[in-house]
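J.: Taking full-length UniProt numbering, the leading residue of the sequence shown gets 1, the next gets one more, and so forth. Backbone N, C-alpha and C define an ideal beta-carbon position, used for all residues, glycine too. Submitted below is the structure of interest, expressed as structure tokens.
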Amino acid sequence: MTTSSLAVSECTLSSTTHANKSRHTFSSLKGKTFVVKLGGSTLEYQRMVLQDCICLHALGASIVLAHGGGPMINEWLTKLHIPICFQHGLRVTNAQTLEVVRMVLCGQINQELVAMATLLGGDVVGLCGTDGNIVQGHIADESLGFVGEIDAIHPMLVRQVIDDGYIPIIAPLGLAPNGSCLNMNADLVASRLASALQASRLTFLSDIDGIYGSDGSLVAEMNEAEAQTLIERGIITNGMIPKVNACLHALEDVPCVQIANGRTPHVLLHTLEDLPLGTRFVH
Ligand SMILES: Nc1ncnc2c1ncn2[C@@H]1O[C@H](COP(=O)(O)OP(=O)(O)OP(=O)(O)O)[C@@H](O)[C@H]1O
Ligand SMILES: [Mg+2]
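If you want it as structure tokens, here you go:
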């Protein structure tokens, strides 16, 4: 059995309850590009997300996986007694913090994802946003340190890797014009990549079911005005602020933009069913 057919059969086995719908949906995956942002907070659930990615890839979709690493970076900063500080959901990154961010994102998380996906039968390539100048940026705000704002995405290397039959797994770092490395918010990298690749779907997997509104219930659909109101009222806070901005930005180019819970078994397969799931962004 080839690795692809193994992935498909594993996927089919694990989603038998959705077999009929899946057969219909899977027939139309060729030529589609799905960008998935795997939140740092969901990394412990990475196995099932990777299985879904491998399955969809084997069925003809182009898959791009961008990952974060917040909790693991915090763990290492704590171990090394380096203070942790956020402003509006963005990590304040001095030179020492940047060293840890680079080591954890590229040396640990990216490599773990690549190793696990390979073990599961996937053809994957680990990349960092600085490879091939994929993510080019500048320092966003001196008070945040080495946090980058994206100026340009150069998707050529990502396209090449896709065309060669691999799933690229991308760590969110970027390059400044002077060659220095910048810490990029992974949600914004995923969003800009999805636009540059003209993806048909962008799915943010996090540790929550979606966005919770003022009454604490899950918001199934959200437009820009509603999102801005919830941010102004302090109901959307912390890491959800850049995520919402990333969703709204991508919506200009990507038809389906959604936040869902990475802990839900086979959540990526469920997103293809076009049933209510998580929070979907609308115009
Ligand atoms: N209105 C809201 N609804 C849902 N979650 C919210 C809301 N406001 C703030 N949050 C927070 O946003 C968090 C998700 O963003 P966070 O940046 O922490 O995770 P991530 O983006 O999935 O991971 P990483 O940043 O490591 O890539 C949730 O765990 C929740 O605590
Ligand atoms: Mg985040």
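Give every residue of the same chain whose Cβ lies closer than 6 angstroms to the Cβ of G89, excluding the five residues on either side of it in the sequence, and list them in chain order.
T.: Numbered from its first residue, the sequence shown carries residue 89 at position 89. The answer, listed in chain order, is N238, G239, I241 and P242.
J.: Would you list the one or two residues that DSSP bridges to Y212?
T.: Residue 212 sits at position 212 when you count from the first residue of the sequence shown. Per DSSP, L218.
J.: Less than 8 angstroms between CB atoms is the rule here; does L188 satisfy it with respect to chain D?
T.: The chain inventory of the structure shown lacks chain D, comprising one protein chain alone.
J.: Looking only at DSSP bridge pairs, what is P168 linked to?
T.: In the sequence shown, counting from the first residue as 1, residue 168 sits at position 168. The partner list for P168 (beta bridge, DSSP) reads V125.
J.: Which residue marks the beginning of the alpha helix (DSSP H) containing R280, and which one marks its end?
T.: Locating residue 280 in the sequence shown gives position 280, counting from the first residue. Taken as a continuous stretch (DSSP letters only), R280 belongs to no alpha helix (DSSP H), being part of the beta strand (DSSP E) at T279 to F281.
J.: Grab the span of the beta strand (DSSP E) containing E142 for me, first residue to last.
T.: Within the sequence shown, residue 142 is the residue found at index 142, counting from 1. Per DSSP, E142 belongs to no beta strand (DSSP E) and is neither H nor E.
J.: DSSP three-state label for H88, please.
T.: By 1-based counting over the sequence shown, the position of residue 88 is 88. If DSSP states are grouped into helix, strand and coil, H88 belongs with coil.
J.: Quick one: what does DSSP say S4 is sitting in, helix, strand or coil?
T.: Here the question's residue 4 lines up with position 4 in the sequence shown. Since pLDDT at S4 reaches only 44, below the 50 mark, its modelled position is unreliable, and no value is offered.
J.: So, is F86 buried or exposed, given that buried needs 16 or more other C-beta atoms within 10 angstroms?
T.: The count along the sequence shown starts at 1 and reaches residue 86 at position 86. With fewer than 16 other Cβ atoms within 10 Å, it is exposed.
J.: Specify, as a first and last residue, the run of the alpha helix (DSSP H) that A225 falls within.
T.: Here the question's residue 225 lines up with position 225 in the sequence shown. First-last of the alpha helix (DSSP H) with A225: E224 to E232.
J.: Can you give the Cα-Cα distance for H266 and L188, rounded to whole angstroms?
T.: What you label residue 266 is simply residue 266 of the sequence shown in a count that begins at 1. What you label residue 188 is simply residue 188 of the sequence shown in a count that begins at 1. So the two alpha carbons sit approximately 24 angstroms from each other.
J.: Helix, strand or coil for L268? Go by DSSP, reduced to three states.
T.: Indexing the sequence shown from 1 puts residue 268 at position 268. In the structure shown, L268 sits in a helix (DSSP, three-state: H, G or I).
J.: Under three-state DSSP, which class holds A196?
T.: Counting from 1 along the sequence shown, the entry for residue 196 is found at position 196. Residue state, collapsed to three classes: helix.
J.: With a cut-off of 8 angstroms, do at least 3 Cβ pairs link the region 226-234 to the region 75-84?
T.: Not touching, per the Cβ criterion.
J.: State the Cα-Cα distance for the pair A246 and A61, rounded to the nearest angstrom.
T.: Taking the first residue of the sequence shown as position 1, residue 246 is located at position 246. Taking the first residue of the sequence shown as position 1, residue 61 is located at position 61. The straight-line gap from Cα to Cα measures roughly 23 angstroms.
J.: How is the beta strand (DSSP E) around E149 delimited, first residue to last?
T.: For the purposes of this step, residue 149 is identified with residue 149 of the sequence shown, where counting begins at 1. Element bounds for E149: G148 to I153.
J.: Using beta-carbon positions only, say whether I150 and R192 come within less than 8 angstroms of one another.
T.: Here residue 150 corresponds to residue number 150 of the sequence shown, with the count starting at 1. Here residue 192 corresponds to residue number 192 of the sequence shown, with the count starting at 1. Yes; because the gap between Cβ atoms is below 8 angstroms, this pair is in contact.
J.: Are the CB atoms of N261 and S206 nearer to each other than 8 angstroms?
T.: Residue numbering aside, residue 261 sits at position 261 when the sequence shown is read from its first letter. Residue numbering aside, residue 206 sits at position 206 when the sequence shown is read from its first letter. Yes, they are a contact pair.
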